[in-house]
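Heads up: the structure comes next, in structure tokens.
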Amino acid sequence: MTSAGFLERRGRALAMGVLLLLLCATFVWSGAAGDDRSREPVPDEEAVGPTPERYVGDRVELNGVVTETDPVLVQLWYDDGGWVVTVEGTGVSDTEIDSGAEISAYGVLTDQNTLEAERAVTREPWELTYMYLISVLGAAGVLYRAAAGWRFDRNEFAFVPRDSGTAATDASDEGGASHATDEPTEDEYADSNGGGRRG
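Positions 145 to 343 (the working numbering) are the ones given, in order, by the sequence shown.
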């Protein structure tokens with residue numbers, strides 16, 4: 145391998161390393177740039193459930209399933225059992241909520257069984273399955289197209305179209321065939337020499 149080719153391979157490897165570092169840095173930045181709730185852990189249903197009276201007046205984030213919509217009743221579970229909380233406030237009044245939907249509500253626990261929600265997000269049970277299914281199918285399609293159309297060239301240290309190697313081979317074969325066709329056969333050579341002597 146020439147020095148130019150070696151330097152080109154090192155440059156590509158360095159570029160790939162830099163891109164991977166940038167990708168990892170985005171995860172760190174995303175975690176560091178979160179809101180105040182992400183910097184200080186907020187008690188959830190697992191923490192609040194056993195002794196909800198201890199968290200009255202505190203901000204909590206509760207995740208459960210909507211059992212009633214007027215008022216909004218949410219069934220919550222923790223390790224040793226569960227309880228029902230009434231969710232009120234602007235967080236639910238501004239959100240379309242259906243019975244059976246999964247809900248994540250953030251706000252102040254005004255008493256043991258009431259949450260004054262500042263924000264609430266609902267999700268139908270099938271949405272998570274749909275999201276993962278579409279993601280898997282999309283990733284499989286991209287990988288298939290990439291594997292079918294590209295290959296990794298170790299000499300070039302790069303991905304190249306799969307038909308590039310075939311095209312080069314076909315071109316060399318065609319060149320060899322045309323060269324072989326241009327060469328006279330032994331019979332043709334003998335006939336030409338014999339004809340010359342007869343003349």
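Where is the CB? At the ideal position from N, CA and C, for every residue including glycine.
- Looking at the backbone, the Cα of G282 and that of Y274 are separated by about 12 Å.
- Note on the stretch 228–307: whole alpha helix (DSSP H) runs with a minimum of 4 residues are 234–237, 269–293, in chain order.
- Looking at G233, E260, N207, the one whose alpha-carbon comes closest to that of E246 is N207.
- For T234 and A249, the gap between their C-alpha atoms comes out near 11 Å.
- Note on geometry: alpha-carbon atoms of D238 and V252 lie some 17 Å from one another.
- Residue nearest to E197 within the set A169, D242, L259 is L259 (criterion: CA-CA distance).
- Note on geometry: alpha-carbon atoms of E212 and E189 lie some 19 Å from one another.
- Of the residues assessed, A264 falls on the buried side of the cut-off, its CB having 16 or more other CB atoms within 10 angstroms.
- When DSSP states are grouped into helix, strand and coil, T195 belongs to the coil group.
- Counting along the chain, the unbroken beta strand (DSSP E) around G208 starts and ends at 203–213.
- For V218, the enclosing beta strand (DSSP E) covers residues 216–222.
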